[in-house]
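> There's a structure below that I have some questions on.
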Amino acid sequence: QKEVEQDPGPLSVPEGAIVSLNCTYSNSAFQYFMWYRQYSRKGPELLMYTYSSGNKEDGRFTAQVDKSSKYISLFIRDSQPSDSATYLCAMTNTNAGKSTFGDGTTLTVKP
Amino acid sequence: DVKVTQSSRYLVKRTGEKVFLECVQDMDHENMFWYRQDPGLGLRLIYFSYDVKMKEKGDIPEGYSVSREKKERFSLILESASTNQTSMYLCASSPGTRVNEQFFGPGTRLTVL
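Spelled out as structure tokens, the structure:
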């Protein structure tokens with residue numbers, strides 16, 4: 001079983017919809033939870049990260065971490081066609097020296 | 112602006128060839144990483160480095176080696192390329208104390224024939 005499991009998708013939504021992207025994990029030592037966005041034929045770029053449990057908001061994006069359930073989510077409000085990309089969750093603990101990535105969910109927002 | 116560059120966007124090599132993939136970052140980051148990305152398998156860590164001349168095996172180091180002679184440069188070497196090494200290769204770097212903030216290069220699409 002993988003340490004990090006991500007909803008596989010693909011996901012297709014109309015413009016303006018609220019999108020929920022989710023990951024579960026098994027390693028309780030993870031402390032940092034990241035979301036990366038990857039456009040086609042590009043490298044991933046860090047969207048936002050959260051330390052430990054709780055919510056973090058950045059514009060239309062909200063990251064949520066529930067450590068008790070080992071479950072993280074990324075919500076995108078008022079989704080735009082420019083949000084169409086693959087979203088990767090990633091996790092690390094401060095001593096690991098590396099991050100563990102989910103397989104990614106491909107999102108398409110249709111105009 | 113933060114930048115990680117990779118020597119080639121596309122590369123075609125033959126089975127048995129020695130292949131060098133170069134990565135350069137201009138952010139003075141201590142950590143550098145090499146991943147490969149395959150459909151259905153996600154992003155898998157091959158090797159990473161905390162400092163010059165330091166290297167650590169990732170999850171799939173077999174068939175690969177790395178070199179870090181200068182802080183800004185991290186090279187991935189395929190000693191004898193095989194068809195199962197056809198993949199997208201991504202380099203990343205991060206500050207020493209913030210491995211959670213990785214900056215990725217654009218990737219190299221390697222095809223081994």
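Going down the list, the sequences are from chains A and B. Going by my numbering, the first residue of the first sequence is number 1, and it counts up by one from there. Going by my numbering, the first residue of the second sequence is number 112, and it counts up by one from there. Backbone N, C-alpha and C define an ideal beta-carbon position, used for all residues, glycine too.
For residue 67 of chain A, which residues in chain B fall below 8 Å Cβ to Cβ?
Within the first sequence, the letter at position 67 stands for residue 67 of chain A. Result: empty, since nearest Cβ-Cβ is about 15 Å, beyond 8 Å.
> What are the boundary residues of the beta strand (DSSP E) that includes residue 54 of chain A?
The sequence position of residue 54 of chain A within the first sequence is 54, counting from 1. Here the beta strand (DSSP E) through residue 54 of chain A covers 54-58.
> Output the distance between the C-alpha atoms of residue 33 of chain A and residue 61 of chain A, rounded to the nearest integer angstrom.
In the first sequence, counting from the first residue as 1, residue 33 of chain A sits at position 33. In the first sequence, counting from the first residue as 1, residue 61 of chain A sits at position 61. Roughly 14 Å between the two C-alpha positions.
> Between the segment 37-59 of chain A and chain B, which residues of the former have CB atoms less than 9 Å from a CB of the latter, in chain order?
Result list: 38, 41, 42, 43, 44, 45, 46, 49 and 51.
> In the structure shown, what three-state DSSP assignment does residue 81 of chain A receive?
As a first step, residue 81 of chain A must be located in the first sequence, where it is residue number 81. In this structure, residue 81 of chain A counts as helix in the three-state DSSP scheme.
> Would you call the segment 119-134 of chain B and the segment 180-200 of chain B in contact, with 3 or more CB pairs under 8 Å?
Counting Cβ pairs under 8 Å, three or more are found: they touch.
> Name the DSSP beta bridge partners of residue 131 of chain B, please?
Here residue 131 of chain B is taken as the residue at index 20 of the second sequence, counted from 1. Answer is B:188, bridged to residue 131 of chain B.
> Do residue 26 of chain A and residue 70 of chain A have their beta-carbon atoms positioned less than 9 Å apart in this structure?
Your numbering for residue 70 of chain A matches position 70 in the first sequence. Your numbering for residue 26 of chain A matches position 26 in the first sequence. Cβ atoms of residue 70 of chain A and residue 26 of chain A: closer than 9 Å.
> How should residue 142 of chain B be labelled, buried or exposed, when 16 other C-beta atoms within 10 angstroms of its C-beta is the threshold for buried?
Translated into the one-based positions of the second sequence, residue 142 of chain B becomes position 31. Residue 142 of chain B is buried by the Cβ-count criterion.
> Going by alpha carbons, who is nearest to residue 112 of chain A out of A:72, A:79 and A:30?
As shown, chain A starts at 1 and ends at 111. That puts residue 112 of chain A outside it, with no answer to give.
> Would you call the segment 126-137 of chain B in contact with the segment 99-111 of chain A, where contact means no fewer than 3 C-beta pairs closer than 8 Å?
Output reads no: the segment 99-111 of chain A does not touch the segment 126-137 of chain B.
> Return the residue from the list B:211, B:208 and B:202 that minimises the CA-CA distance to residue 148 of chain B.
Numbered from 1 along the second sequence, position 37 holds the residue referred to as residue 148 of chain B. Taking only the C-alpha atoms, the option nearest residue 148 of chain B is B:202.
> With 16 as the cutoff for other CB atoms within 10 Å, does residue 152 of chain B come out buried or exposed?
The count along the second sequence starts at 1 and reaches residue 152 of chain B at position 41. That one is exposed.
> Cβ of residue 152 of chain B less than 9 Å from any chain A Cβ?
Locating residue 152 of chain B in the second sequence gives position 41, counting from the first residue. Closer than 9 Å to some Cβ of chain A, the Cβ of residue 152 of chain B qualifies, so yes.
> Where does residue 29 of chain A land, buried or exposed, given buried means 16+ other C-beta within 10 angstroms?
For the purposes of this step, residue 29 of chain A is taken as residue 29 along the first sequence, with counting starting at 1. Burial call: exposed.
> Any beta carbon from chain B within less than 9 Å of residue 108 of chain A's own beta carbon?
For the purposes of this step, residue 108 of chain A is identified with residue 108 of the first sequence, where counting begins at 1. Chain B, which has no Cβ nearer than 9 Å to the Cβ of residue 108 of chain A, makes this no.
> So, does the CB of residue 70 of chain A fall closer than 9 Å to a CB anywhere in chain B?
Here residue 70 of chain A is taken as the residue at index 70 of the first sequence, counted from 1. It does not; no Cβ of chain B falls within 9 Å.
> Looking at the ligand GDP, does it come within less than 8 Å of residue 145 of chain B, judged from the CB to the closest heavy atom?
Within the structure as shown, the ligand GDP is missing, as the structure has no ligands at all.
> Within the segment 21-67 of chain A, note down every full beta strand (DSSP E) run reaching 3 residues or more, in order along the chain.
You should have 32-38, 45-51, 54-58 and 61-66.
> Tell me, which residues are paired with residue 208 of chain B by DSSP?
Here residue 208 of chain B is taken as the residue at index 97 of the second sequence, counted from 1. DSSP lists no partner for residue 208 of chain B.
> Applying a beta-carbon distance threshold of less than 7 Å, which residues of chain A neighbour residue 213 of chain B?
As a working mapping, residue 213 of chain B is identified with position 102 in the second sequence. Those are 46 and 99, listed as they occur along chain A.
> Using a Cβ cut-off of 9 Å (strictly closer), state whether residue 9 of chain A contacts chain B.
As a first step, residue 9 of chain A is located in the first sequence; it is residue number 9 there, counting from the start. No, no contact with chain B.
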